[in-house]
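Residue numbers (the numbering used here): 93 to 558. First up is the structure itself, then whatever we jot down about it.
Pasting the structure below:
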């Protein structure tokens, strides 16, 4: 993308309503615009990151064997009356009546609807296990929406629902989701700690929240510092293996880590004093096992191996997709702006032309732009007629992990400057070497592109490749 053709309404001043870092930078970087309290338009840059996050969630859900679908935002109230939650949910639920005087609601979650879909189509244990999920807009009428997308009224969420014959199978689904979530967050450059939590209006006895440590987190958390040393990394996971998924769940939850709602002071004090930590955390996901809480009242049963009808065991599992965008910024920024992890960056590299209109500089930038695009990467080329300082400030604000700076002085020596946004370190490289290094950096996130460019560039210079 050429910045001269992009819609990027950056702001120099911080809007007065923005109280936390992610809200300030999302507004200043032209990622969102508030349309009403807690309701935002997602402008091109914000929408691009939202889609990157959504795609990672989809990939990891399907890797775990979960099946995507899509349910509507509006739901009939009668389903919620069946489960007994319609009157219990409270004023956060937006209730609507259509022209035929039918009670509807804008869904805050989908347990009732997915149970109705299941009971209408599945009748035998032979069709189990089954996990269905979707990514959809939700609405909860927060009394005081604040902190931008971190606590909005409308939000984008992945929610999945497992259906199993037995409690043992449903707990395997619980563990499988925990493992898939850990991989999802790590791909986004986040460490999200699973913590024992309260189930709230969803219900159920087994539940963990995933929290990202950040000063602006809404939850107070208590944990053993050793939990921050655990990573899933590149382990090969067999999601069908009960033993492997259980072992990973136990590894990540054996050490003390709880929100303030479930905090146990005696258990916390049993941790060695030098490892006791209290901090703030941002919730980015939660998993629940609630057994037959919905299947019994709503008649979601299957015929078991003995021919008898039994209610299925269920769980629900959510990831806040739009909320994750704010959490990533809260965890990864400095006083100049956002610092995107490579896995979710809107553009892989920024190209800054220090002398727009100079024939040689323009030509070199064009070749870099075309070479990176041909490799399957997405560069953002700042081709505007603007001073260098303004271009650098924009790149720092929007937070692309890597920047290639091209100017007449460097080109005379056959080099461009490659800069890391995270460390601030720069190195002078030939254009060919800069391209190769960017491809190597993104190979774990974008392997096909690295392969695509490797062969064409062998034995050819940057100036002759195109």
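We put the beta carbon where it would ideally sit given N, CA and C, even for glycine. Here the structure is a predicted model, which means the values were calculated and not measured.
{"Query": "Helix, strand or coil: how does DSSP classify residue 312 here?", "Result": "strand"}
{"Query": "Is the beta carbon of residue 159 closer than 7 Å to that of residue 418?", "Result": "no"}
{"Query": "Give me the Cα-Cα distance between residue 524 and residue 512, rounded to the nearest whole angstrom.", "Result": "17 Å"}
{"Query": "Can you tell me the Cα-Cα spacing of residue 95 and residue 141, whole angstroms?", "Result": "17 Å"}
{"Query": "Please report how far the alpha carbon of residue 163 lies from the alpha carbon of residue 455, in whole angstroms.", "Result": "49 Å"}
{"Query": "Sorted by chain position, which residues of the same chain lie with C-beta nearer than 8 Å to residue 503's C-beta, five sequence neighbours on each side aside?", "Result": "452, 453, 456"}
{"Query": "Give the DSSP-derived three-state secondary structure of residue 445 in the structure shown.", "Result": "strand"}
{"Query": "Can you check whether the CB of residue 262 is closer than 7 Å to the CB of residue 440?", "Result": "no"}
{"Query": "Quick check: the region 122-137 against the region 200-213, are there 3 or more CB pairs under 8 Å?", "Result": "no"}
{"Query": "Using the three-state DSSP reduction, which class does residue 422 fall into: helix, strand or coil?", "Result": "helix"}
{"Query": "Which of the three DSSP states is assigned to residue 185 in this structure?", "Result": "coil"}
{"Query": "Can you name, in chain order, every residue of its own chain whose Cβ lies under 8 Å from the Cβ of residue 295, other than the five neighbours on each side?", "Result": "Only weak support is given to the placement of residue 295: the predicted model assigns it a pLDDT of 46, under 50, and the value that follows is read from those uncertain coordinates. Around residue 295: 380, 382, 385."}
{"Query": "Helix or strand or just coil, what does DSSP make of residue 192?", "Result": "coil"}
{"Query": "Could you say which of 285, 532, 245 lies nearest to residue 237 if we only look at CA atoms?", "Result": "245"}
{"Query": "Alpha carbon to alpha carbon, how far is residue 429 from residue 103? Give it in angstroms, no decimals.", "Result": "12 Å"}
{"Query": "In terms of residues, what are the limits of the beta strand (DSSP E) holding residue 99?", "Result": "Taken as a continuous stretch (DSSP letters only), residue 99 belongs to no beta strand (DSSP E), as it is neither H nor E."}
{"Query": "Do residue 118 and residue 112 count as a contact pair if the criterion is CB distance below 7 Å?", "Result": "no"}
{"Query": "Identify whether residue 118 lies in helix, strand or coil by the three-state DSSP scheme.", "Result": "helix"}
{"Query": "Suppose contacts are defined by Cβ-Cβ distances below 7 Å. Is residue 130 in contact with residue 301 by that definition?", "Result": "no"}
{"Query": "Consult DSSP for residue 508 and reduce its assignment to one of helix, strand or coil.", "Result": "strand"}
{"Query": "Work out the CA separation of residue 377 and residue 408 for me, nearest whole Å.", "Result": "11 Å"}
{"Query": "Using the rule of at least 16 other Cβ atoms within 10 Å of the residue's Cβ for burial, across every protein chain shown, is residue 213 buried or exposed?", "Result": "exposed"}
{"Query": "Determine the direct distance from the alpha carbon of residue 480 to that of residue 272, and round the result to whole angstroms.", "Result": "43 Å"}
{"Query": "To which residues does DSSP link residue 349 through a beta bridge?", "Result": "315"}
{"Query": "Quick one: residues in its chain with C-beta nearer than 8 Å to the C-beta of residue 306, no 5 flanking neighbours on either side, listed in chain order?", "Result": "372, 373, 374, 419, 422, 423"}
{"Query": "Measuring alpha carbon to alpha carbon, tell me which of 260, 522, 497, 413 ends up nearest residue 335.", "Result": "260"}
{"Query": "Roughly how far, in whole angstroms, is the beta-carbon of residue 254 from the beta-carbon of residue 286, given that I think they are within contact range, below 8 Å?", "Result": "That belief does not hold up - the Cβ atoms of residue 254 and residue 286 are roughly 17 Å apart, past 8 Å."}
{"Query": "Which of the three DSSP states, helix, strand or coil, is assigned to residue 371?", "Result": "strand"}
{"Query": "Quick check on the burial criterion: 16 or more other C-beta atoms within 10 angstroms. Buried or exposed for residue 147?", "Result": "exposed"}
{"Query": "To which residues does DSSP link residue 124 through a beta bridge?", "Result": "134"}
{"Query": "According to DSSP, is residue 407 part of a helix, a strand, or is it coil?", "Result": "strand"}
{"Query": "Only counting runs of 4 or more residues, tell me where the alpha helix (DSSP H) segments fall wholly within the region 493-537, in order along the chain.", "Result": "500-504, 523-534"}
{"Query": "Whose C-alpha, out of 435, 266, 508, is nearest the C-alpha of residue 331?", "Result": "266"}
{"Query": "Quick test of your reading: residue 344 and residue 282, contact by CB under 8 Å. State the CB separation rounded to the nearest angstrom.", "Result": "The Cβ separation is near 14 Å, so there is no contact."}
{"Query": "Report back the beta-carbon spacing between residue 474 and residue 442 to the nearest angstrom; my notes put them in contact at under 8 Å.", "Result": "6 Å"}
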